[in-house]
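Below you'll find the structure, written out as structure tokens, and then a few comments.
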Amino acid sequence: MTEKTDLDKYRPRIKFSELLSFTTSHPGLAVFLVYATVAIAGFIYLITFYSHFNLEVTEYLEITDILVAGIKDPLVMLMVLGAFSMVFVIWAMVYVQAPFSAWLDKKFNKGFFRFIPYVIGYRSTRSFWWTAFIILTLYFYMFIGVHSQNKAEKILSQKRNLVSVNSEATNGAKADFSLLGTSINYVFLYNHESEQVLILPLESINSIQPINAAVVSKAENLSKPSKINTTKPDNEPSK
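Following the working numbering, the numbering of the sequence shown begins with 83 at its first residue and continues without gaps.
If you want it as structure tokens, here you go:
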């Protein structure tokens with residue numbers, strides 16, 4: 083019993099049975115915390131994605147846009163699920179590592195190597211929530227940043243999300259537009275010819291129709307003049 087008590091101080095100060103009991107007792111608070119995490123992840127995605135187009139998107143957003151940003155992109159929702167899974171993995175690792183942390187604390191309790199338990203032992207993970215918060219921050223920054231970069235590069239290089247916009251601002255413009263996103267008040271378009279972002283109020287747009295990028299690429303190839311072979315064959319007699 084004494085050995086188990088000694089190991090408990092090296093383990094996370096939370097039990098998942100207690101967390102489950104708290105969740106069932108306070109479902110509203112649990113839903114709020116999950117939704118807040120999704121909203122934060124969505125906000126990070128918006129900032130990182132539009133930064134690739136040199137747009138300060140926060141100037142055009144309302145609080146409603148931030149709250150639904152994470153829900154509008156399924157991959158962001160999946161990343162949030164992965165983040166909570168990572169917290170569980172951290173908890174399991176720290177729980178299993180308790181005997182090793184206890185051994186480190188006794189082995190290096192004095193001398194120059196006293197820092198070792200702080201680095202790889204219980205002292206670096208004892209404060210479970212702080213550790214989880216740091217890991218979640220790094221997780222969101224890395225994975226959501228990579229996702230937004232890949233999505234932006236596909237729009238810039240492969241002309242993804244092409245749309246036909248019926249609006250006074252785009253009528254007569256011989257350009258390809260990609261839809262970057264929408265807010266409660268604006269539509270964000272990328273002009274591939276001018277390489278600029280076009281921000282249109284919703285009320286100024288009559289309609290938006292998706293365009294197949296493959297069809298556009300094929301039409302561009304057909305419109306290019308074919309090269310005519312002007313070289314003479316080897317067997318043609320000279321005049």
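All C-beta atoms in this analysis are idealised placements derived from N, C-alpha and C, irrespective of residue type, glycine included.
Would you mind stating whether residue i and residue j have Cβ atoms separated by less than 8 Å?
{"i": "Thr119", "j": "Val162", "result": "yes"}
{"i": "Leu111", "j": "Ala165", "result": "no"}
{"i": "Leu271", "j": "Leu284", "result": "no"}
{"i": "Asp147", "j": "Ser230", "result": "no"}
{"i": "Phe222", "j": "Ala123", "result": "yes"}
{"i": "Tyr142", "j": "Ile226", "result": "no"}
{"i": "Ile80", "j": "Val139", "result": "Since the displayed the chain opens at 83 and closes at 321, residue 80 lies outside it and no answer follows."}
{"i": "Ser276", "j": "Ala257", "result": "yes"}
{"i": "Phe135", "j": "Leu261", "result": "no"}
{"i": "Ala234", "j": "Phe104", "result": "no"}
{"i": "Glu144", "j": "Asn267", "result": "yes"}
Based on the DSSP secondary-structure assignment, which residues constitute the bridge partners of residue i?
{"i": "Leu261", "result": "Leu271"}
{"i": "Asn248", "result": "Ser289"}
Can you look up residue i in the DSSP assignment and give me helix, strand or coil?
{"i": "Asn288", "result": "strand"}
{"i": "Ile122", "result": "helix"}
{"i": "Thr87", "result": "Annotation note: pLDDT 49 at Thr87 (below 50); position unreliable, no value reported."}
{"i": "Asn232", "result": "helix"}
{"i": "Ile281", "result": "strand"}
{"i": "Ala112", "result": "helix"}
{"i": "Leu102", "result": "helix"}
{"i": "Ala165", "result": "helix"}
{"i": "Ala255", "result": "coil"}
{"i": "Ser133", "result": "helix"}
{"i": "Ser239", "result": "helix"}
{"i": "Ile266", "result": "coil"}
{"i": "Glu141", "result": "helix"}
{"i": "Ser206", "result": "At Ser206, the pLDDT of 46 sits below 50, so the modelled position is not reliable and the matter cannot be decided from this model."}
{"i": "Ser276", "result": "coil"}
{"i": "Asp155", "result": "coil"}
Our contact map puts residue i next to residue j with C-beta atoms below 8 Å; I'd like the distance itself, whole angstroms only.
{"i": "Asn288", "j": "Asn248", "result": "4 Å"}
{"i": "Val279", "j": "Phe259", "result": "Incorrect: roughly 10 Å between the Cβ atoms, too far for contact."}
Counting only beta-carbon atoms, is residue i nearer than 8 Å to chain D?
{"i": "Glu144", "result": "You won't find chain D in this structure, because it holds only one protein chain."}
When you compare only the Cα positions, how much space is there between residue i and residue j?
{"i": "Pro109", "j": "Leu160", "result": "21 Å"}
{"i": "Leu101", "j": "Met224", "result": "28 Å"}
{"i": "Leu174", "j": "Lys241", "result": "For clarity, residue 174 is Ala in the given sequence; the question names Leu instead. Looking at the two C-alpha atoms, the distance is approximately 44 Å."}
{"i": "Val113", "j": "Asn253", "result": "45 Å"}
{"i": "Leu137", "j": "Ile293", "result": "24 Å"}
{"i": "Ile202", "j": "Ile172", "result": "Unreliable positioning characterises Ile202 in this predicted model, as indicated by a pLDDT of 47, which lies under 50. A coordinate reading is not provided."}
{"i": "Ala255", "j": "Val269", "result": "17 Å"}
{"i": "Tyr117", "j": "Leu149", "result": "8 Å"}
{"i": "Ser133", "j": "Ser167", "result": "28 Å"}
{"i": "Phe215", "j": "Thr106", "result": "23 Å"}
{"i": "Lys236", "j": "Ser99", "result": "44 Å"}
{"i": "Ser239", "j": "Asp155", "result": "21 Å"}
{"i": "Phe125", "j": "Asn232", "result": "17 Å"}
{"i": "Leu115", "j": "Val228", "result": "25 Å"}
{"i": "Val169", "j": "Leu220", "result": "12 Å"}
{"i": "Ile290", "j": "Ala121", "result": "27 Å"}
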